[in-house]
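With the working numbering as the guide, the letters of the sequence shown map in order to residues 386 to 516.
Where is the CB? At the ideal position from N, CA and C, for every residue including glycine.
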Amino acid sequence: MEKNSNTVRSIIFKLRMNADEKRQLQELQNKSTEQSLSNYIRKVSLQKPVTIKYRNQSTDDFLNSMLELKRQLNGIGNNFNQAVKKLHTLDKIPEFRCWLQSTEALQHSLVTTMEEIKSRMNQLFQQWSQK
386 MEKNSNTVRS IIFKLRMNAD EKRQLQELQN KSTEQSLSNY IRKVSLQKPV TIKYRNQSTD
446 DFLNSMLELK RQLNGIGNNF NQAVKKLHTL DKIPEFRCWL QSTEALQHSL VTTMEEIKSR
506 MNQLFQQWSQ K
């Protein structure tokens with residue numbers, strides 16, 4: 386397949402800058418949706434539009450706290466499941482059998498709710514991290 390000479394980037398420009406200028410340029414590029422520094426420089430120098438990411442700090446803080454709560458909730462659910470499995474080994478004792486039957490609905494409700502919360506948190510995090 387033959388490439389059009391307009392699409393092949395064969396011309397190299399050398400640009401000298403100090404470390405602070407490079408850091409500033411990389412910070413500007415990181416605030417944009419451009420994945421590479423050369424694409425960012427190309428668009429800026431040709432005065433083409435560059436999409437800038439806008440982040441809401443309060444939403445970022447909320448997401449970070451929700452991620453921590455998700456980890457804690459996951460741990461609680463795991464501990465609860467382990468406890469119920471352990472109690473299943475004691476089902477020969479009548480008191481435990483009654484308790485197990487009554488808590489199985491609670492366990493199912495807890496697991497379902499946890500999965501829904503985790504799913505919604507993952508969706509929210511993925512939507513926000515793409516912006």
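Discussion item. Rounded to the nearest angstrom, what separates Met386 and Asp446 at their Cα positions?
Written reply: For Met386, the pLDDT reaches just 49, beneath the cut-off of 50, and the residue's location in the model is therefore unreliable, although a value from the coordinates is still provided. If you take the alpha carbons of Met386 and Asp446, they lie about 49 angstroms apart.
Checklist entry - For Arg401, is the classification buried or exposed, using 16 other Cβ atoms within 10 angstroms of its Cβ as the cut-off for buried? => result exposed
Does the distance from the CB of Thr498 to the CB of Val469 come in under 8 angstroms? no
Discussion item. On the criterion of 16 or more Cβ atoms from any shown chain inside 10 Å, does Tyr439 qualify as buried, or is it exposed?
Written reply: exposed
Rounded separation between Gly460 and Asn466 - CA only
10 angstroms
**Prompt:** Are Leu448 and Phe510 closer than 8 angstroms when you measure CB to CB?
**Reply:** yes
Quiz item: So what's Ser395 in DSSP terms, helix, strand or just coil?
Solution: coil
How would you label Gln409, buried or exposed, when you count the other beta carbons within 10 angstroms and need 16 or more for buried? exposed
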